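Have a look at the structure below, then the notes.
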Amino acid sequence: MKTALEWKKYYLSPGFRDHYIYSGTDLGVSCSDSGTAFKLWSPSADSITLNLYHEGSGGRPYQSVPMERMEKGVWSWNSEECLHGVYYDFLIRREEETVRSADPYAKACGINGRRSMAVDLRKTDPSGWEEDRPPEKGPEQIIYELHVKEFSWDPSGGFPEAYRGKYKAFTCPDTTLNGDGIHPTGLRYLRDLGVTHVQIMPAYDYGSVDERAGDEEFNWGYDPVNYNVPEGSYSLDPEHGEVRIREMKEMIQSLHRQGFRVIMDVVYNHTYSLDSWFQRTAPWYFYRMFDDGRISNGSACTNDVASEREMCAKYILESVLYWTEEYHVDGFRFDLMGLLDVDLMNRIRRALDEKYGRGEKIMFGEPWRADNSAMEEGAVPALKENIRLLDENIGMFCDDTRDAVKGSALKIRRPGFINGAEEKEDDVIRGVSACCLPGDYRAKAPSQIITYVSAHDNQTLWDKLAETLPDADETERMRLNRMAAALYMTCQGTLFFLSGEEFARTKEGMEDSFNAPITLNRLDWVRAWKNRELVEYYQGLIALRKQLPGLCDKSEHAAERIHGVEKEPGLIRFQVDNRSCLGAAGAEETNGGSRWQELKIIYNRGKSEQAVPLDQSGWEILCDGENSRLWEGRCPAGPQVNVPPQSVMVLGLTEASNAHGDAEQTADAAGAGDSQNSVRDSERISDSIWRKKAV
Ligand code: CA
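In our numbering, the protein residues as written are 1 to 695.
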């Protein structure tokens with residue numbers, strides 16, 4: 001019996017690389033009316049038997065056939081029949097042992113994913129699927145993170161009883177609070193909110209929940225079993241493999257119809273257990289280990305998938321392409337992207353761009369890992385410090401801005417800028433320009449940065465505010481919640497938030513609710529109604545954001561729009577060139593879509609009002625700490641504005657006021673626009689930051 005290290009040596013040998021890297025894209029089962037083909041990559045097998053079953057679990061095979069060894073470690077068996085709905089697994093004989101395995105390339109499976117299923121995918125398409133298209137991309141991508149079960153489980157959501165916690169709930173476009181017909185919940189609520197992307201937490205088949213269980217089991221699902229199959233516990237019928245496929249497609253179709261793009265949360269960095277279909281079909285090929293034989297565990301989930309090995313990289317790439325092609329998924333959020341390698345991430349980006357157009361599918365991930373990982377020599381991890389090696393359309397969650405705004409996610413009592421920490425101003429300013437200024441690392445463009453203050457991990461924003469400000473009353477906490485929102489929504493990165501942040505979602509202080517009861521994790525639609533003033537504040541901010549090209553700009557020149565940065569403890573001011581196209585002449589041409597050529601943004605986290613003089617006339621207040629819809633009317637500012645305590649104020653200068661003639665003459669403004677001055681401009685931005693620091 002080979003040890004893990006001996007396997008590793010074997011896989012790294014030229015003999016293996018020359019003979020067993022299969023370049024075909026037909027692994028798994030292809031099934032149609034013209035027949036069914038089974039193909040499995042298992043290079044070290046001595047023989048393989050394919051078992052066919054009528055049931056997805058239990059029972060005995062109705063037929064067992066030997067598979068034929070093909071080239072490159074591939075085994076195959078063909079039938080002239082369409083075996084749609086037939087379940088299967090493999091008996092693999094290797095080194096005098098026989099192991100049973102389901103198919104790592106399976107597209108369908110029985111309950112709990114222990115047996116695979118042959119599927120004719122055309123039979124799973126809901127009606128109208130061929131016409132399904134994502135909505136057009138708007139000026140900004142605003143991502144709302146939610147979990148299938150959390151979304152509709154609470155009875156107050158007004159979903160049909162049978163659909164609660166299921167994919168099917170997303171096919172109900174017009175639910176209301178307890179079905180009262182008045183107060184929107186679900187998708188109608190999200191339409192009103194104005195988010196553009198719905199990010200679904202893991203919805204591939206995961207292992208931590210028994211699909212037969214009901215409300216007694218809950219998990220976020222970061223524990224993949226079958227990467228290319230939808231999770232069964234969200235299906236009305238997890239027993240029959242084709243049902244969950246159709247229901248997930250219906251969910252995506254409905255989200256598209258309601259105006260949302262759909263992002264899938266993918267966890268290619270580790271599997272539920274080391275005893276996976278990967279391991280059973282090709283022992284240790286898909287996992288990393290250190291040279292001393294220790295199993296790599298940078299995921300803190302017992303194993304790390306070896307993304308840098310060709311057959312593994314190819315698996316991940318094809319999986320991503322499968323979800324886009326078969327399920328019409330519009331983007332991907334890569335869990336612990338720091339465990340995947342830069343080459344693979346760029347390869348996925350290129351493949352998506354070639355197929356769908358540059359940047360059309362959004363891609364981003366967590367640029368970190370829980371611990372070191374035994375990545376092979378030469379491979380570079382997709383960590384924050386390697387951001388410049390990644391394509392400009394691969395984004396990263398920006399934990400630095402998150403922590404600068406509201407305090408460390410990990411040290412729960414530590415505050416950030418808004419809740420009283422000293423010397424966070426520079427970090428906040430860096431966050432405004434989406435880390436495109438010089439620093440420990442520097443993004444190529446805001447398209448590489450996901451700006452956020454809450455996600456499923458760690459405390460909710462509301463709970464974090466409670467933890468860091470135990471003496472603050474509810475009024476003050478609401479004020480700071482609004483401030484946090486207005487602050488990150490005036491940063492240039494792509495925007496992201498956890499579902500319910502906008503209604504002061506609480507998990508009663510819990511930091512990691514991955515397997516906490518659904519009663520704690522569920523979206524509380526009564527709370528959404530009770531805290532509707534906060535929800536409306538978010539709505540206004542989101543609607544305003546979409547009209548501010550200066551903040552939505554994701555190009556490499558976006559940072560040049562930020563100028564006139566001034567700061568003192570607890571107070572930050574800056575201006576943004578808000579013309580839609582930098583450097584071009586003629587306001588009519590360049591400012592299409594926005595009433596304001598120039599923005600002035602002020603963050604006052606102090607407990608007293610701050611008077612800020614305005615250098616010229618023509619400024620309007622677009623948003624203050626109470627009202628994010630002042631822009632709907634006209635709210636002219638005088639020669640100075642008084643910025644209330646713990647609030648953000650956004651001002652806009654109308655076209656008629658000729659912002660750019662004046663702005664360039666003001667002492668502290670760094671000469672907005674004018675692309676030929678780009679180098680000088682960015683120097684001036686950093687100048688002004690450092691000058692203030694020195695004071
Ligand atoms: Ca499952």
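Using N, Cα and C, we set each Cβ at its ideal position, and we do this for glycine too.
Given the structure is predicted, the values throughout are model-derived calculations rather than measurements.
Tell me whether residue i sits in a helix, a strand or coil according to DSSP, three-state version.
i      : result
His328 : coil
Thr475 : helix
Leu389 : helix
Cys312 : helix
Asp440 : coil
Trp277 : helix
Arg350 : helix
Asn627 : coil
Asn51  : strand
Trp619 : strand
Ser319 : helix
Ala672 : Bear in mind that a pLDDT of 36 at Ala672, under 50, signals an unreliable position, so the model cannot answer this.
Gly540 : helix
Thr666 : Interpretation of Thr666 is limited by its pLDDT of 38, a score under 50 that renders its predicted location unreliable; the figure taken from the coordinates is listed afterwards. It is coil, neither helix nor strand.
Phe170 : helix
Glu97  : strand
Ile418 : coil
Thr468 : helix
Pro104 : coil
Asp457 : coil
Ile429 : helix
Asp292 : coil
Asp463 : helix
Asp403 : helix
Taking 6 Å as the limit between beta carbons, can you name the residues of its chain near residue i, skipping five residues before and five after?
i      : result
Ile621 : Leu630, Cys635, Ala637, Leu651
Trp7   : Pro283, Trp284
Ser700 : The shown model of the chain, from 1 to 695, leaves out residue 700, and the question about it has no answer.
Ala558 : Pro446, Gln492
Tyr11  : Tyr285
Tyr234 : Val148, Lys166, Tyr167
Ser116 : Tyr88, Ala102, Asp103, Ala106, Cys109
Asn228 : Lys107, Ser319, Tyr322
Trp529 : Leu177, His183
Met1   : Glu95
Ala409 : Asn458
Suppose the cutoff is 7 Å on Cβ atoms and the five residues either side in sequence are ignored; what does the same chain contact list for residue i look like?
i      : result
Gly99  : Strictly speaking, residue 99 in this sequence is Val, with Gly absent from that position. Contacts found: Ile92, Arg280.
Lys546 : Gly138, Pro139, Glu140
Asp132 : Gln253, His256, His328
Ile316 : Tyr268, Ser307, Leu344
Glu242 : Gly85, Ala108, Val119, Lys123, Thr124
Glu80  : Gly35
In the DSSP assignment, what residue or residues form a beta bridge with residue i?
i      : result
Ser647 : Asn604
Lys567 : Ile572
Asn642 : Ala611
Trp75  : Leu40, Arg69
Ser116 : Tyr88, Cys109
Thr654 : Trp596
Gln63  : Leu52
Pro381 : Asp341
Tyr287 : Val305
Gly365 : Phe334, Met396
Thr451 : Leu495
Thr698 : Given that the chain is displayed from residue 1 to residue 695, the structure contains no residue 698 and the question cannot be resolved.
Ile562 : Val576
With a CB to CB cut of under 8 Å and the five nearest residues on each side skipped, what residues in its chain are close to residue i?
i      : result
Asn219 : Tyr206, Ser208, Val209, Phe514, Asn515
Glu68  : Trp75, Ser76, Trp77
Phe290 : Ser296, Ala374
Asp400 : Asp427, Arg430, Gly431, Cys435
Val641 : Ile602, Ala611, Val612, Leu614, Trp619, Ile621, Met649, Leu651
Glu609 : Asn642, Val643, Pro644, Pro645
Glu310 : Arg17, Ile21
Environment of ligand 1 in chain order, Cβ to heavy atom below 7 Å: Asn112, Gly113, Asp205, Tyr206, Gly207, Val209, Glu211, Val225, Glu231, Gly232, Ser233
Counting only runs of 3+ residues fully inside the segment 17-46, write out the beta strand (DSSP E) ranges in chain order. 28-32, 35-41
Can you list, in chain order, the stretches of the alpha helix (DSSP H) that have 4 or more residues and sit fully within the segment 470-533? 474-488, 518-521, 525-530
So within the segment 186-265, which uninterrupted beta strand (DSSP E) runs reach at least 3 residues, ignoring any that extend past its ends? 197-200, 204-206, 224-230
Hey, which unbroken runs of the beta strand (DSSP E) at 3 residues or more fall wholly within the segment 122-159? 142-146
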